[in-house]
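In what follows, a single structure is set out as structure tokens and then discussed.
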Amino acid sequence: MLSRLKKTAHRKKITIAVVLCVLVLAGLFGRLVYLMIWKADYYSELATQLHERERSIKAARGRIIDRNGTVIADNRTVCTVSVIHSQIEDAETVIDVLCKELGLSREYVTQRVEKYSSIERIKSNVDKTIGDRIREYDLAGVKVDEDYKRYYPYSDLASKVLGFTGSDNQGIIGLEVVYEKYLEGTSGTILTVTDAAGIEVEEEGERRIEPVNGKDLYISLDMNIQSYATQLAQQAMAAKEAESVSILVMNPQNGEILAMVNVPEFDLNNPYELTVDVNKDVTDKEKQDLLNQMWRNGCINDTYEPGSTFKIITAAAGLEEGVVTPQSTFSCPGYIIVDDRKIKCHKVAGHGGETFVQGTMNSCNPVFITVGLRLGVDKYYEYFEKFGLKTKTGVDLPGEAGTIMHSKEDMGNVELATVSFGQSFQITPMQLVTTVSSIINGGNRVTPHFGVKVMNMEGTEIEVLEYPVQKGIVSEETSATLREILELVVSEGTGKNGKIEGFRIGGKTATSQTLPRGSGRYIASYIGFAPADDPQVIALAIVNNPQGVYYGGQVAAPIVRQLFENILPYLGIMNYNEE
Amino acid sequence: MAAQRRKHKKKNNKSEYFFDYSLLFIILFLLGFGMLMIYSASSYTAYLEYGDSAQYLKKQLLASILGLIAMTVVANIPYHFWERFAVLAYVVSIAIIPVVLTPLGISSHGARRWFKIPGIPLQVQPAEVAKLCMILFLACLVCKLGKKAGTFKGIVLMFLAPLPQAIMIWRITSNLSSAIIVVGISVLMIFVADPHYKKYLVMGTGAVAGVIALVYAIINMETSEGGFRIRRIAIWLHPETDPEGTGFQTLQALYAIGSGGIWGKGLGQSMQKLNFLPEAQNDMIFSIICEELGLFGAVAVILMFILLLWRMMIIANNAPDLFGAMLVVGVIGHIAIQVILNIAVVTNSIPNTGISLPFISYGGSSVMFLLIEMGLVLSVAKRIQLKEV
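This is the structure in structure tokens:
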């Protein structure tokens with residue numbers, strides 16, 4: 052009886068134990084349902100990522116094309132040669148072939164081939180013909196992937212404007228950076244299924260995501276003008292032993308930049324090769340600083356004291372405000388007293404009695420100081436801001452420098468006097484060209500730019516780039532008066548070296564001494580435009596630290612004259628003065 | 203089902219004794235399915251490592267055949283024959299563990315858990331021997347204690363008996379999971395032997411509460427402090443935070459299970475077995491089953507194990523005496539604990555610890571000793587006298 056009872060007790064307990072186990076298993080079944088139905092997508096996604104190896108297919112970068120349709124930044128097909136350790140069958144042959152074809156040391160190749168890694172790059176940027184030749188050997192474990200490399204057919208023309216690209220084809224400086232989002236393509240991928248060691252599982256095949264090529268950028272630059280301006284700049288630099296020469300050519304009506312030269316330029320296909328000689332033991336940092344210096348675009352990244360060319364702005368403000376008319380008379384004794392300071396005219400003997408027009412033709416400092424003082428600090432500052440001189444031009448290049456100007460509170464009469472003839476403050480050459488353009492084009496402050504439109508490689512227009520224009524900077528009347536005065540400056544005044552027979556040219560020269568004063572370093576510059584009555588092209592030439600004669604009228608004006616002599620007929624601007 | 207068969211057999215009256223063919227069928231099915239999955243899970247890595255894709259399959263097949271022979275022999279020996287060896291078995295199970303420290307010992311996967319018997323190409327894991335010996339010894343002990351089994355003294359004695367082996371397995375072979383199984387088997391046997399309920403209910407509730415409190419404490423603790431085990435538990439809760447270290451295997455198992463879905467990728471189509479999942483043919487084989495055969499296949503495997511436990515429960519309940527019943531209970535405990543812990547580890551329901559899936563995971567000594575245990579169960583089944591019932 053007792054044993055019977057005990058046995059029943061055991062049975063019950065055994066049953067309970069087994070039922071408990073079954074319940075736990077049912078719970079685990081629930082867990083499985085959760086993992087395999089609710090979380091199935093999550094885990095299979097992660098697993099797929101783990102199983103697939105990516106090889107990227109580079110997209111071709113968009114080209115840069117000038118206004119005549121000339122391709123100035125292009126792509127060249129190059130190859131990247133890699134080895135996959137686990138797939139190599141005959142290591143000796145692989146090493147032999149790669150050494151021979153790629154011209155690499157045996158030691159280097161052996162090390163790479165024998166290294167245990169999923170994929171080891173032997174050499175990139177290999178010429179396509181060599182890549183094809185290696186492919187023909189059909190060696191197991193050797194991969195030749197095609198790739199694109201930026202190629203600049205004009206190597207150093209407009210180098211500081213175009214910029215170049217880095218190892219991943221991303222823009223480093225210039226237009227390549229600014230228009231990155233249009234130019235860069237979207238890389239494609241080849242996804243191969245592999246095991247944990249990276250060995251391809253062949254029956255799984257491969258998935259391809261095709262790359263999307265970048266879009267072409269059409270710019271306003273004219274390579275013919277750029278090329279000629281570069282020659283002129285190089286000649287001037289050599290002749291005057293100057294440090295650098297910049298030439299800026301723009302359409303003053305719409306802000307399209309036709310040429311931007313900064314010699315010395317550098318080779319876009321070898322952007323890391325210094326143009327200046329350095330001794331071998333420069334540190335990496337020093338070398339980088341030198342490279343950054345070499346890549347600087349003087350027209351935009353650097354500021355300078357504009358000197359007498361800035362008198363155009365003072366004149367515009369004076370005429371607009373009515374404190375001076377072309378007929379107003381002045382007297383120049385060779386200096387002018389402002390507060391307690393005596394400011395000299397460049398002609399020590401003085402220009403004597405002269406009208407405002409004659410004063411401009413003579414580039415007489417006391418005349419412009421007088422105009423400035425008549426306006427007063429408040430008004431002058433107001434015009435300075437109204438002309439947009441305190442803001443950046445908005446040019447589509449990176450790193451535009453801002454204007455360095457006295458604050459209004461710190462500006463007394465002496466500061467006002469110096470600013471009136473273009474000293475004691477700094478602007479970029481681009482700023483000067485833009486402001487003068489807006490004064491002579493009827494008062495429209497245009498945004499200087501290169502980018503015109505974006506098209507895809509098939510030639511469909513994607514986007515026409517638009518730029519803001521601020522109207523009414525000066526009245527049409529003031530603009531017309533200044534065009535006349537500036538034409539006289541060229542035909543009869545200080546700018547007569549800019550004169551071209553048969554064309555109506557306006558312009559203004561400048562000679563500014565760089566800081567510190569008395570160093571004997573000058574900047575000679577000249578800004579000219581044509582036709583004088585309806586400006587279609589404006590050009591600024593700046594010669595940095597010329598040796599010997601350093602006057603803007605003698606050093607810089609002839610550069611623009613030679614340029615105009617060639618490009619005006621080319622642009623179809625003919626014989627305007629034969630009315 | 204069993205009752206029906208019993209009735210059927212009674213009518214024919216051909217045999218006095220009962221042979222549990224359905225249990226035999228379940229065992230053979232699990233063994234066969236296991237070998238299929240071992241081949242599927244290991245062929246890729248086996249080929250890479252040994253140049254023979256059937257390397258693991260061949261070894262498992264050999265062990266299974268030896269195991270089946272041993273099972274047949276044991277099944278035909280009346281189980282009371284073994285009663286006299288109970289004390290010897292206890293001594294052997296203690297003595298055999300330190301053998302791994304002798305030159306006969308083999309280390310693998312960073313632990314010294316095996317030794318080889320000279321002259322035979324098979325390796326023996328003393329933990330497996332200890333499990334079998336413990337079942338035999340405790341079954342005898344319960345019978346010896348008789349009515350005293352329910353007393354405090356009896357329970358303490360039964361609980362203390364397997365501790366030396368468990369501690370040695372843990373400390374010497376650094377195999378915590380096997381130690382847990384040995385203790386687990388004895389706890390289950392105590393539970394069945396003792397007619398009382400209350401204290402087990404209290405202890406069970408206490409244990410569950412303790413575990414919950416511990417996990418809660420660890421969640422609220424900075425993972426940087428605390429030792430290896432605590433870190434392991436922290437990784438269990440967030441395996442993706444440690445994809446390179448301990449969490450790696452767990453995460454790989456989850457990838458495999460998750461990518462299986464309801465119907466699986468199909469037999470042989472697992473991606474995770476291509477060297478991504480360590481121990482794919484071993485402790486982690488269940489995740490490969492999930493990946494290839496889906497939720498469907500996983501449920502089929504779990505159902506197979508439930509059927510196995512069910513059959514053994516019937517045998518235990520109908521055993522002619524207490525000794526036989528306790529032997530079967532021990533085997534039930536062994537298999538149930540391993541199945542539950544293995545599936546729980548693979549699905550990351552508990553922290554990662556190495557436990558193989560009975561009959562299916564690769565492992566020669568494991569399958570051999572399991573088959574010997576099944577021989578014992580079949581031997582008990584044979585003694586069920588149908589006429590009496």
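Going down the list, the sequences are from chains A and B.
For the first sequence, this note's numbering assigns the number 52 to the initial residue and increments by one for each residue that follows.
For the second sequence, this note's numbering assigns the number 203 to the initial residue and increments by one for each residue that follows.
Ideal Cβ positions, reconstructed from N, Cα and C, are used throughout, including at glycine.
Being a predicted model, the structure only gives us computed values, none of them experimental.
In this structure, how does DSSP classify residue i when only helix, strand and coil are distinguished?
i: L238 (chain B); result: helix
i: E324 (chain A); result: coil
i: D585 (chain A); result: coil
i: V177 (chain A); result: strand
i: V600 (chain A); result: coil
i: Y627 (chain A); result: Any reading at Y627 (chain A) needs caution, since the residue's pLDDT is 49, under 50, leaving its predicted position unreliable; the model's value is listed next. Three-state DSSP puts Y627 (chain A) in coil, outside helix and strand.
i: C130 (chain A); result: strand
i: Q367 (chain B); result: helix
i: A592 (chain A); result: strand
i: L272 (chain A); result: coil
i: M203 (chain B); result: Residue placement at M203 (chain B) cannot be trusted, given a pLDDT of 49 that sits under 50; the coordinates are not used to answer.
i: K349 (chain B); result: helix
i: L208 (chain A); result: coil
i: C396 (chain A); result: coil
i: S295 (chain A); result: strand
i: H402 (chain A); result: coil
i: V263 (chain A); result: strand
i: Y203 (chain A); result: coil
i: K504 (chain A); result: strand
i: V579 (chain B); result: helix
i: I308 (chain B); result: strand
i: S54 (chain A); result: Because the pLDDT of S54 (chain A) is 49, which lies under 50, any placement of that residue in the model is unreliable, and the number read from its coordinates should be weighed accordingly. If DSSP states are grouped into helix, strand and coil, S54 (chain A) belongs with the helices.
Measuring CA to CA, which of the options is closest to residue i?
i: A293 (chain A); options: A:L309, A:E535, A:A531, A:P315; result: A:P315
i: I270 (chain A); options: A:N119, A:S133, A:R392; result: A:N119
i: G604 (chain A); options: A:P303, A:E616, A:G546; result: A:G546
i: P204 (chain A); options: A:E158, A:E187, A:M274; result: A:M274
i: I298 (chain B); options: B:V358, B:L416, B:R315; result: B:R315
i: G510 (chain A); options: A:K90, A:L71, A:I116; result: A:I116
i: Q454 (chain B); options: B:V533, B:G566, B:G526, B:N477; result: B:N477
i: L440 (chain A); options: A:Q477, A:C415, A:N416; result: A:Q477
i: P553 (chain B); options: B:F287, B:A341, B:I420, B:M405; result: B:I420
i: S107 (chain A); options: A:A590, A:R425, A:A608, A:G236; result: A:G236
i: T411 (chain A); options: A:Y386, A:L149, A:T360; result: A:T360
i: V293 (chain B); options: B:C345, B:G463, B:P328; result: B:P328
i: I551 (chain A); options: A:V497, A:E528, A:L619, A:S530; result: A:L619
i: A256 (chain B); options: B:L264, B:S244, B:A265; result: B:S244
i: T529 (chain A); options: A:N495, A:M311, A:Y159; result: A:N495
i: F407 (chain A); options: A:L426, A:I610, A:T376, A:Y432; result: A:T376
i: A288 (chain B); options: B:I337, B:S266, B:L303, B:G352; result: B:I337
i: A381 (chain B); options: B:A265, B:G352, B:V331, B:L347; result: B:V331
i: C150 (chain A); options: A:G553, A:I139, A:D141, A:I173; result: A:I173
Assuming residue i contacts residue j under a Cβ cut-off of 8 Å, what Cβ separation, rounded to an integer in Å, is found between them?
i: M288 (chain A); j: S295 (chain A); result: 7 Å
i: I185 (chain A); j: V193 (chain A); result: 7 Å
i: A608 (chain A); j: Y577 (chain A); result: 4 Å
i: K362 (chain A); j: F501 (chain A); result: About 29 Å separates the two Cβ atoms, so there is no contact after all.
i: E371 (chain A); j: S526 (chain A); result: 6 Å
i: M456 (chain A); j: V428 (chain A); result: With a Cβ gap of about 12 Å, M456 (chain A) and V428 (chain A) do not count as contacting.
i: V606 (chain A); j: P597 (chain A); result: 5 Å
i: I437 (chain B); j: G449 (chain B); result: 5 Å
In chain order, what are the residue ranges of uninterrupted alpha helix (DSSP H) at least 4 long that sit wholly in the region 418-485 of chain A?
Runs of the alpha helix (DSSP H) inside the region 418-485 of chain A: 464-471.
- Entirely within the region 233-290 of chain B and at least 4 residues each: give me those alpha helix (DSSP H) ranges in chain order. DSSP runs (the alpha helix (DSSP H)) wholly in the region 233-290 of chain B: 257-277.
Q.
So within the region 450-533 of chain B, which uninterrupted alpha helix (DSSP H) runs reach at least 4 residues, ignoring any that extend past its ends?
A. Within the region 450-533 of chain B, the complete alpha helix (DSSP H) runs of at least 4 residues are 487-520.
Pair every Cβ in the region 359-366 of chain A with every Cβ in the region 484-494 of chain A, then say whether three or more of these pairs are closer than 8 Å. They touch, by the three-pair rule.
Does the region 499-518 of chain A come within contact of the region 559-566 of chain A, defined as at least 3 CB pairs closer than 8 Å?
By the criterion of at least three beta-carbon pairs nearer than 8 Å, the region 499-518 of chain A is not in contact with the region 559-566 of chain A.
Positions along the region 454-480 of chain B whose CB lies within less than 8 Å of some CB in chain E
Note that chain E does not occur in the displayed structure, where the protein chains are A and B.
Margin query: With three or more beta-carbon pairs closer than 8 Å as the criterion, would you say the region 578-586 of chain B touches the region 523-531 of chain B?
Written below: Cβ pair count under 8 Å is three or more, so yes.
ask   = Which runs of the alpha helix (DSSP H) fall wholly inside the region 99-160 of chain A and span at least 4 residues, in chain order?
value = The region 99-160 of chain A contains these whole alpha helix (DSSP H) runs: 142-153.
Next on the checklist: Counting beta carbon pairs with one atom in the region 538-549 of chain B and one in the region 401-412 of chain B, are three or more of them shorter than 8 Å?
Outcome noted: At 8 Å Cβ cutoff, the stretches do not touch.
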